[in-house]
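Written below as structure tokens is the structure these notes are about.
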Amino acid sequence: SQIERRMIMEQWPDMHNAEISKRLGKRWKLLPDYEKIPFIKEAERLRLKHMADY
Numbered sequence: 177s178q179i180e181r182r183m184i185m186e187q188w189p190d191m192h193n194a195e196i197s198k199r200l201g202k203r204w205k206l207l208p209d210y211e212k213i214p215f216i217k218e219a220e221r222l223r224l225k226h227m228a229d230y
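In terms of this note's numbering, the sequence shown opens at residue 177 and continues consecutively.
See the structure below:
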């Protein structure tokens, strides 16, 4: 998401954050499940780390 967000910001530097988030959401929904797996695993790892830290 951070990489995708950066790419959008480079292409359209005047775009508002809300519009960038909408575009990222649309891209996410279009991804097949097998491409989402690494991101879902990373989110789970970060969630568990946060729970352990706090």
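We put the beta carbon where it would ideally sit given N, CA and C, even for glycine.
Since we're looking at a predicted model, the values are computed, not measured.
Original post:
Would the beta-carbon of Leu200 fall within 8 angstroms of that of Glu180?
Top reply: Here residue 200 refers to the residue found at position 24 of the sequence shown. Here residue 180 refers to the residue found at position 4 of the sequence shown. Against a cut-off of 8 angstroms, the Cβ pair of Glu180 and Leu200 comes out as a contact.
Original post:
How many whole angstroms separate the CB atoms of Met183 and Ile196, which I take to be in contact at a CB cut-off of 8 angstroms?
Top reply: The count along the sequence shown starts at 1 and reaches residue 183 at position 7. The count along the sequence shown starts at 1 and reaches residue 196 at position 20. Actually they are not in contact, since the Cβ atoms of Met183 and Ile196 sit about 10 angstroms apart, beyond 8 angstroms.
**OP:** Measure the C-alpha to C-alpha separation of Leu207 and Phe215 and round it to an integer number of angstroms.
**Re:** By one-based count along the sequence shown, residue 207 stands at place 31. By one-based count along the sequence shown, residue 215 stands at place 39. So the alpha carbons of these two residues sit roughly 11 angstroms apart.
Original post:
In angstroms, rounded to a whole number, what distance separates the CA positions of Ala228 and Trp204?
Top reply: Translated into the one-based positions of the sequence shown, residue 228 becomes position 52. Translated into the one-based positions of the sequence shown, residue 204 becomes position 28. Roughly 28 angstroms separates the two Cα atoms.
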